[in-house]
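One structure is given below, encoded as structure tokens.
Protein chains in written order, with my numbering: chain A, -7 to 743; chain B, 48 to 180.
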């Protein structure tokens, strides 16, 4: 104090005034600082709150993520409002279109009935009718009686925000029940901005939720659609070989795919009808002849695919009642055509509520196309089976054996009935055979080489191929081959013709030909010899006539020549006679005469003995107990030739010549032995003396025909002749002739 | 020397030919055989023992038993060349077959081919036929 008193003492009034002024300025400044401080404190509080709000928002966000229902979300929003904005009552209404008529409402902090909630929503709706979206509206409850009728709120703040794209509206309403209550704090301006932000946040979040849900829903639909399409595809992929079954499948599918009541496929041609299960259940099973209702209904429109309402008047004319059952429904039908000609109609009956769009038209177009394909296939299969039948008949009906073989593995793949008959195998046995089994072992190599040539296309015909049948008998076949496609492989088809008969005939012809050639040569030889033998005496006569002319003055010579002429003429006559004998034997029918050997031989001997003046004795011994039958004329010639030979070729100028003839007959045969003591036959000639014109001796004139005729005669009358001879000593001819009568007897007794 | 050798199985022609030849040549100059084998045998003997008797002309029949005219001609080839050259063979046949005629011409020792019977004209022709060599 003393210091101040000291200062007081020195202070003049002017200074004091100055000081006073400074003090007042200082006081003013302090006041101003205090105001700024106050403001700063205020601002810090506000910032703290905002930070709090944003922290709450963050919490809200993380919680919202785990909420999976709309009501759960509304509840979360309401709870968050109470916590963030410190209201007592929070009402949340989220209005989402296409989720039914119930908007999602929630109220927190006050128990309300559904009805109250609904009323509150209506109120809010009216509240925001005139306001642009996003406007915050703050008002006291007194402003409206309506709100007080619902809730006893003192102060209310509300905001409505809308997503115009998704048409989602979020309405938030916060309220304070009583002014001055413990929790009361007016909703001031400082909370407006966060409230707006919060509301937009809630909407944004809801929009995202809705979008996600829509995408999820669409995804789900797509997935279902995909499953359906896959099942349809599977259905189609599981195609049957039988077109009829596929047609039925397509008809069933038509109804199924379009969610139809039923479907029907009418065939125009033969009144055939395919119906889906749905149509059958409606009591429709059979179509009346020639009706073709769907076709007529469709055709009158002039288009191939028609969608029309089934009306009373249109169906009234039809006999069948089935179509009338579906009056009021939609008939989607398509006319099927093959080569522009209608073959039938595929029709689906749809509920009138099902929207008929391009997709459904496309669907029925595809289904009717599939049906047409099946119908074509059916026709093709029918044609194929007809042609198969035709070829089968040709294959089976042909007398040629057909064998189809695989050239690569050399196995048989197919044989027809004629081939089976040809080889004697059953089809089953046949197919197990290999090439080696069908031909004789010695021919197999050649056959396989031919087969390979055929497979290579080098040759297509193999003639006279030896084959072997089941009984190991060889036959011959001409084989013509062709390549054919059989079960997707190139096969060799062989057409077998049995030529065994032909071959036999051919061989017989060849044999006959050789025989004919031989006969021809014989004939040639015959003509040559005969002409010679006939000409010789004639030419001799000419020569003799010349000699007579030259020796006319000598009667002795002339006489000699005349005798020779006569002898020549006789010789010629003999030759002619022999030829005649030969020809008669060949030509005349064989007779059956009873032969009495004794008189026959005596007579012949009497004729023959004139050949010579020499004495030729004949000893005849006949032992004939049973009658003997044969051809008398031929036996006469036979004996005459043998006996005359014995006379002609007797040994001249030696001991007395003789012929011993023994005849022994029985029921079966006659054995005749001619023995002479003539000049005999050289061993070298013995085999040939029976040949035509063969002459073993020149000691007497002859044609060389006699013994040949004998042999020919015995061939005709069933007998044999044999010769034994020692040259210079004699000859024995042994003749055996069958008793013809006897054979007849045997036959009779045998019968 | 044998001028004519007659070979024929037909006795008539041997008689006939010998008689007509006797008008122009001595009997001992003509030899006759009724078979070719006999003629060959004689020729072999003659060539060996009396070559001077080797025949100048042979009148040969074609159609004979055992050995025919052509067989004879084959056998004739077996004789020495020089002796073959000295013999002229004339075919005497009743055959009208052309084949016989053609075949006969293939034998070099055959000089001519006549159809029976033998005539004076033929004898003259034979007489006037020169040797080929």
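Just so you know, even glycine gets a beta-carbon here, dropped at the ideal spot from N, CA and C.
Self-check item: Supposed close pair residue 207 of chain A, residue 160 of chain A - CB separation, criterion 8 Å
Solution: The residue given as residue 207 of chain A occupies position 215 in the first chain. The residue given as residue 160 of chain A occupies position 168 in the first chain. That pair is no contact at about 15 Å.
Exercise. Report all residues from its chain with a CB closer than 7 Å to the CB of residue 443 of chain A; omit the five preceding and five following residues, and keep chain order.
Key: The residue labelled residue 443 of chain A in the question sits at position 451 within the first chain. Taken in chain order, the residues that qualify are 427.
Self-check item: residue 161 of chain B: contacting residues in chain A (beta-carbon distance under 7 Å)
Solution: Sequence index remark: in the second chain, residue 161 of chain B carries index 114 (1-based). By Cβ distance, chain A contributes nothing, its closest Cβ being about 11 Å from residue 161 of chain B, past 7 Å.
Self-check item: Of the listed residues A/362, A/711, A/255, A/626, nearest to residue 343 of chain A (C-alpha basis)
Solution: Position 351 of the first chain, counted from the start, is the residue given in the question as residue 343 of chain A. Comparing Cα-Cα distances from residue 343 of chain A to each of A/362, A/711, A/255, A/626, the minimum goes to A/255.
Self-check item: Where the alpha helix (DSSP H) containing residue 237 of chain A begins and where it ends
Solution: For the purposes of this step, residue 237 of chain A is taken as residue 245 along the first chain, with counting starting at 1. Per DSSP, residue 237 of chain A belongs to the alpha helix (DSSP H) from 235 to 249.
Quiz prompt | Between the CA atoms of residue 315 of chain A and residue 307 of chain A - distance to the nearest angstrom | solution = Reading the first chain from its first residue, position 315 is the one you call residue 307 of chain A. Reading the first chain from its first residue, position 323 is the one you call residue 315 of chain A. The alpha-carbon atoms of residue 307 of chain A and residue 315 of chain A are separated by roughly 7 Å.
Quiz item: In angstroms, rounded to a whole number, what distance separates the CA positions of residue 259 of chain A and residue 248 of chain A?
Solution: To locate residue 259 of chain A, count along the first chain from 1; it is residue 267. To locate residue 248 of chain A, count along the first chain from 1; it is residue 256. Between residue 259 of chain A and residue 248 of chain A, the C-alpha separation is close to 21 Å.
Quiz item: What residue range is occupied by the uninterrupted alpha helix (DSSP H) comprising residue 410 of chain A?
Solution: To locate residue 410 of chain A, count along the first chain from 1; it is residue 418. For residue 410 of chain A, the enclosing alpha helix (DSSP H) begins and ends at 409 to 415.
Quiz item: Residues of chain B with CB under 9 Å from residue 528 of chain A, in chain order?
Solution: Residue mapping note: residue 528 of chain A aligns to position 536 of the first chain, counting from 1. Ordered by position in chain B, the residues that pass the 9 Å Cβ test against residue 528 of chain A are 57, 59, 60, 110, 141, 163.
Self-check item: Assigned exposure category for residue 175 of chain A - 16 Cβ within 10 Å defines buried
Solution: By one-based count along the first chain, residue 175 of chain A stands at place 183. Any reading at residue 175 of chain A must be qualified, since the residue scores a pLDDT of 49, below 50, and its modelled position is unreliable; no value is offered.
Practice problem: Taking 8 Å as the cut-off, decide whether the C-beta atoms of residue 394 of chain A and residue 485 of chain A are in contact. | Solution: Along the first chain, read from residue 1 onward, the residue named residue 394 of chain A stands at position 402. Along the first chain, read from residue 1 onward, the residue named residue 485 of chain A stands at position 493. It is a contact, given that the beta carbons lie within the stated cut-off.
Quiz item: Exposed or buried, what is residue 25 of chain A when buried is set at 16 or more other beta-carbons lying within 10 Å of its beta-carbon?
Solution: By one-based count along the first chain, residue 25 of chain A stands at place 33. That one is exposed.
Quiz item: If we ignore side chains and look at the alpha-carbon of each, how far apart do residue 119 of chain B and residue 84 of chain B end up?
Solution: Taking the second chain and counting its residues from 1, one reaches residue 119 of chain B at position 72. Taking the second chain and counting its residues from 1, one reaches residue 84 of chain B at position 37. Whole-angstrom Cα-Cα distance: 8 Å.
Self-check item: Reference residue 750 of chain A; option with closest CA among A/495, A/514, A/297
Solution: No information on residue 750 of chain A is available, as it lies outside the stretch -7 to 743 that chain A covers here.
Quiz item: Should residue 124 of chain B be labelled buried (16 or more other beta-carbon atoms within 10 Å of its own) or exposed?
Solution: For the purposes of this step, residue 124 of chain B is taken as residue 77 along the second chain, with counting starting at 1. Residue 124 of chain B is exposed by the Cβ-count criterion.
Practice problem: Identify the continuous beta strand (DSSP E) that holds residue 301 of chain A and give its terminal residues. | Solution: The residue given as residue 301 of chain A occupies position 309 in the first chain. Counting along the chain, residue 301 of chain A sits inside the beta strand (DSSP E) bounded by residues 297 to 301.
Quiz item: Which first and last residues belong to the alpha helix (DSSP H) in which residue 745 of chain A is found?
Solution: Nothing about residue 745 of chain A can be read from this structure; chain A reaches only from -7 to 743.
Quiz item: Which residues in chain A sit within 8 Å of residue 67 of chain B, going by Cβ to Cβ distance?
Solution: The residue you call residue 67 of chain B lines up with position 20 of the second chain. Ordered by position in chain A, the residues that pass the 8 Å Cβ test against residue 67 of chain B are 535, 538, 539, 542.
Self-check item: CB contact below 8 Å: residue 156 of chain B versus chain A
Solution: Position 109 of the second chain, counting from 1, holds the residue named residue 156 of chain B. So, not an interface residue.
Quiz item: By Cβ distance below 7 Å, which residues in the same chain neighbour residue 220 of chain A in space, the five residues on each side in sequence not counted?
Solution: Against the first chain, residue 220 of chain A aligns to sequence position 228. Around residue 220 of chain A: no qualifying Cβ.
Quiz prompt | Buried or exposed (CB count within 10 angstroms, at least 16 for buried), residue 110 of chain B | solution = One-based indexing of the second chain puts residue 110 of chain B at position 63. The residue is buried, with at least 16 neighbouring Cβ atoms inside 10 Å.
Quiz item: Nearest to residue 592 of chain A by CA position, among A/635, A/358, A/164, A/348, is which residue?
Solution: Along the first chain, read from residue 1 onward, the residue named residue 592 of chain A stands at position 600. The residue with the shortest Cα to Cα distance from residue 592 of chain A is A/635.
Quiz item: Is it true that the CB of residue 246 of chain A sits closer than 8 Å to the CB of residue 338 of chain A?
Solution: By 1-based counting over the first chain, the position of residue 338 of chain A is 346. By 1-based counting over the first chain, the position of residue 246 of chain A is 254. Contact: yes.
Quiz item: What runs of the beta strand (DSSP E), each 3 residues or longer, lie entirely inside the region 700 to 731 of chain A?
Solution: 711 to 718, 722 to 730
Practice problem: Would you identify the three-state DSSP class for residue 186 of chain A, choosing helix, strand or coil? | Solution: Counting from one through the first chain, the residue named residue 186 of chain A turns up at place 194. Per DSSP, reduced to three states, the secondary structure at residue 186 of chain A is helical.
Quiz prompt | Cutoff 7 Å; reference residue 199 of chain A; Cβ partners in own chain excluding five residues on either side | solution = Taking the first chain and counting its residues from 1, the one referred to as residue 199 of chain A is at position 207. So the list reads 155, 158, 160, once near-sequence residues are dropped.
Quiz item: Just the Cα atoms here: how many angstroms apart are residue 536 of chain A and residue 556 of chain A?
Solution: As a first step, residue 536 of chain A must be located in the first chain, where it is residue number 544. As a first step, residue 556 of chain A must be located in the first chain, where it is residue number 564. Looking at the backbone, the Cα of residue 536 of chain A and that of residue 556 of chain A are separated by about 8 Å.
Quiz item: Listing by chain order, which chain B residues have their CB less than 8 Å from the CB of residue 520 of chain A?
Solution: Counted from its first residue, the first chain places residue 520 of chain A at position 528. Ordered by position in chain B, the residues that pass the 8 Å Cβ test against residue 520 of chain A are 142, 144.
Practice problem: Using a threshold of 8 Å, state whether the C-beta atoms of residue 341 of chain A and residue 253 of chain A are closer than that. | Solution: Stepping through the first chain from its first residue, residue 341 of chain A is reached at position 349. Stepping through the first chain from its first residue, residue 253 of chain A is reached at position 261. Yes, the Cβ-Cβ distance between residue 341 of chain A and residue 253 of chain A is below 8 Å.
Quiz item: In or out: residue 744 of chain A buried (at least 16 other Cβ within 10 Å) or exposed?
Solution: Residue 744 of chain A is absent from the model: chain A starts at -7 and stops at 743.
Practice problem: Could you pull out every residue in the same chain whose Cβ sits closer than 6 Å to the Cβ of residue 103 of chain B, ignoring the five residues on either side in sequence? | Solution: Mapped onto the second chain, residue 103 of chain B falls at position 56. These residues qualify, in order along the chain: 50.
Self-check item: Euclidean distance between Cα positions of residue 527 of chain A and residue 141 of chain B
Solution: Stepping through the first chain from its first residue, residue 527 of chain A is reached at position 535. Stepping through the second chain from its first residue, residue 141 of chain B is reached at position 94. Spanning the two alpha carbons is a distance of roughly 6 Å.
Quiz item: Between residue 583 of chain A and residue 627 of chain A, what straight-line distance do the alpha-carbon atoms span, to the nearest angstrom?
Solution: Against the first chain, residue 583 of chain A aligns to sequence position 591. Against the first chain, residue 627 of chain A aligns to sequence position 635. Roughly 11 Å between the two C-alpha positions.
Quiz item: Looking only at its own chain, which residues have a Cβ that is under 7 Å from the Cβ of residue 148 of chain B, when we skip the five neighbours before and after it?
Solution: Your numbering for residue 148 of chain B matches position 101 in the second chain. 160, listed in sequence order.
Practice problem: Give the DSSP-derived three-state secondary structure of residue 32 of chain B in the structure shown. | Solution: This structure cannot settle anything about residue 32 of chain B, because the visible part of chain B is limited to 48 through 180.
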